[in-house]
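The sequence shown runs 15 to 501 under our numbering.
Worksheet: one structure, shown below.
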Amino acid sequence: MKLHELTIRETHELLSSRKISSEELTRDYLERIQRLDPQVKSYVTVSEDVALEQAQKADECLKSGEGLTPLTGIPYSAKDSISTRGVNTTCSSKILENYKPFYDATAIKKLNSANSVLLGKNNMDEFGMGSSTENSGFFTTRNPWNFDHVPGGSSGGSAATVAAGLAPFALGEDTGGSVRMPASFCGVTGLKTTYGRVSRYGLIPLVSSFDTIGPMARSAYDVALVLEAIAGHDPKDSTSRVESVQSYSESLKKTENLRGLRIGIPKEYFVEGLDKEVEASVRTAIKQIEGLGADVVEVSLPHTQYAIPVYYLILFAEASSNLAKYDGVRFGLSERTGDLMDVYLKTREAGFGAEAKRRIMLGTFALSAGYYDAYYLKAQKVRALIRQDFQKAFETCDALITPVAPTTAFRIGEKISNPLDMYLSDVFVVAVNLAGIPALSVPCGISNGLPIGMQIIGPHLSEETLLRIGYLYQSQTDWHTKHPPCW
Ligand code: GLN
């Protein structure tokens, strides 16, 4: 078996028994990236020097056995909105093209202390705004299953990297589906964590009240390994959760069935516009989960239809405020011409892409005097209703199952000229961010050579339950072990 075909769990066994070194493994991945990424285009930056240095350090740790963790010596990549010290962190925006942070995000710091190996940074929609990576300021990532199709977004580079075997796991960011949607389009397992479960320190913000960092890998078990390494309270992020982190992977090993678990199927997620094959695959998966002992009931989330407008309104408002700091004075691109106002205008004109500009303008409008109550405040009120829908549903069930997206990966170019159409592809993922709850995307089928994903949603801090369902489902099915042609 080739090295890139191994899961984290299998790779760890080879590393800890010293059958391979982290340096060999890292060189193997770097060679694959060099060979295959010119087609997939999942990396914005490959941090070869950092990777080899970290791999050597990991090998010392593996030799001494001191401080060994399941991620020691394991390579990974991170979405380019997650700060990495001394390594370009661009958010795939021209405005941050040469920006090198002088500190690591907490999630990266935790992976450093586990002696994991950073291979590089993944392409994304600019600042996380999009569902296809076509809004990247640099280039579009291709879906490894079919290069004519998008990988999903905005963490499309991270999903494509994992799917093409160019990293065993990646860190993504999910503000409105950006981990789950690309995971589903590329056939990998991705977790949107509970808001605050993983520190946001060092994550360049899109929408501060929605943003979460989450792992993408080839199985629920591998996702559990990464989650337990990066989760936890962080004094540097006042919104991070104080609850102690469970040993997710240990509890998976003890799981035998889903008896006693109640699964809700929200009827608002199986509606017109949902592709027939996607629906059929998700329904088959639900049957299989029922076969594992779970009880399945229909539930209702009556305010679902408002999720898209509410999400986008709040997003425009918060994003316009978060992006105000890119002014050509403090960091990143600076067009030094004319007076100060010229610097602001020219820098933002040259640095931001069309989608970022659209959202900044709409958000600034929504927050302007006289409109705040009518738009932002109203959206926040409806957000509370959407959150209550979930709370009510979780009084009668432990988790919900839905499709991740209404279709499989669409074609490159298909939706880029129609922003509303692009926003609608997020219809099943954004309500989860409005509620701050976790959700897992798990491969559950293939249609016309493109993967299908199901979404397992749970109440706050229910990551263990979601992973348990995903893990047992994957122990009975092989969708997560299927690979794209370029593999
Ligand atoms: N499709 C969502 C958007 O465009 C993705 C946001 C995200 O999760 N970063 O806003």
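The C-beta atom is built at its ideal place from N, Cα and C for all residues, glycine as well.
State the Cα-Cα distance for the pair residue i and residue j, rounded to the nearest angstrom.
i, j, result
"residue 386", "residue 324", "14 Å"
"residue 415", "residue 402", "18 Å"
"residue 484", "residue 263", "12 Å"
"residue 124", "residue 286", "44 Å"
"residue 58", "residue 149", "14 Å"
"residue 147", "residue 156", "9 Å"
"residue 376", "residue 24", "48 Å"
"residue 199", "residue 177", "10 Å"
"residue 100", "residue 496", "36 Å"
"residue 466", "residue 453", "16 Å"
"residue 317", "residue 392", "14 Å"
"residue 451", "residue 225", "11 Å"
"residue 162", "residue 359", "36 Å"
"residue 183", "residue 33", "21 Å"
"residue 374", "residue 82", "45 Å"
"residue 80", "residue 346", "40 Å"
"residue 256", "residue 106", "32 Å"
"residue 508", "residue 179", "Residue 508 lies beyond the residue range present for the chain, which begins at 15 and ends at 501; the question has no answer from this structure."
"residue 315", "residue 284", "12 Å"
"residue 174", "residue 158", "6 Å"
"residue 428", "residue 309", "39 Å"
"residue 1", "residue 76", "There is simply no residue 1 to check, as the chain begins at 15 and stops at 501 in what is shown."
Could you check where the beta strand (DSSP E) with residue i kicks off and where it finishes?
i, result
"residue 460", "453-461"
"residue 309", "309-313"
"residue 465", "464-471"
Taking the alpha carbon of residue i as the reference point, which residue from the options has its own alpha carbon closest?
i, options, result
"residue 117", "107, 103, 33 and 153", "103"
"residue 205", "220, 199 and 229", "229"
"residue 307", "292, 115 and 269", "269"
"residue 223", "254, 47 and 232", "254"
"residue 399", "445, 226 and 96", "445"
"residue 503", "303, 171, 28 and 185", "Any property of residue 503 remains undetermined from this structure, which presents the chain solely from 15 to 501."
"residue 499", "259, 50 and 476", "50"
"residue 503", "220, 274, 121 and 327", "Since the first residue shown for the chain is 15 and the last is 501, residue 503 is missing from the structure and cannot be characterised."
"residue 259", "143, 80, 212 and 234", "212"
"residue 71", "158, 173 and 40", "40"
"residue 340", "380, 371, 173 and 172", "371"
"residue 153", "111, 319 and 305", "111"
"residue 142", "221, 202 and 432", "221"
"residue 62", "44, 420 and 98", "44"
"residue 511", "248, 88, 191 and 115", "The structure shown has nothing for residue 511, since the chain only spans 15 to 501."
"residue 409", "425, 271 and 473", "473"
"residue 88", "108, 42 and 216", "42"
Considering just the uninterrupted stretch of the alpha helix (DSSP H) at residue i, what are its terminal residues?
i, result
"residue 187", "From DSSP, residue 187 is part of no alpha helix (DSSP H) but of the beta strand (DSSP E) over 183-188."
"residue 487", "477-490"
"residue 444", "444-449"
"residue 57", "Run containing residue 57: none in the alpha helix (DSSP H); it sits in the beta strand (DSSP E), 57-60."
"residue 302", "290-305"
"residue 200", "194-200"
"residue 26", "22-30"
"residue 48", "36-54"
Which partner residues of residue i appear in the DSSP bridge assignment?
i, result
"residue 92", "135 and 185"
"residue 413", "277"
"residue 229", "185"
"residue 245", "212"
"residue 205", "454"
"residue 217", "96"
"residue 163", "425"
"residue 157", "160"
Roughly how far, in whole angstroms, is the beta-carbon of residue i from the beta-carbon of residue j, given that I think they are within contact range, below 8 Å?
i, j, result
"residue 132", "residue 231", "Contact flag wrong, Cβ pair sits at about 16 Å."
"residue 189", "residue 447", "6 Å"
"residue 92", "residue 160", "At roughly 25 Å, the Cβ-Cβ gap does not stay under 8 Å, so residue 92 and residue 160 are not in contact."
"residue 46", "residue 443", "30 Å between Cβ atoms; not a contact."
"residue 236", "residue 322", "Contact doesn't hold; Cβ gap of about 31 Å is too wide."
"residue 172", "residue 151", "Not confirmed; about 17 Å, so no contact."
For residue i and chain B, any beta-carbon pair shorter than 8 Å?
i, result
"residue 326", "Annotation note: the requested chain B is absent from the structure, which comprises a single protein chain."
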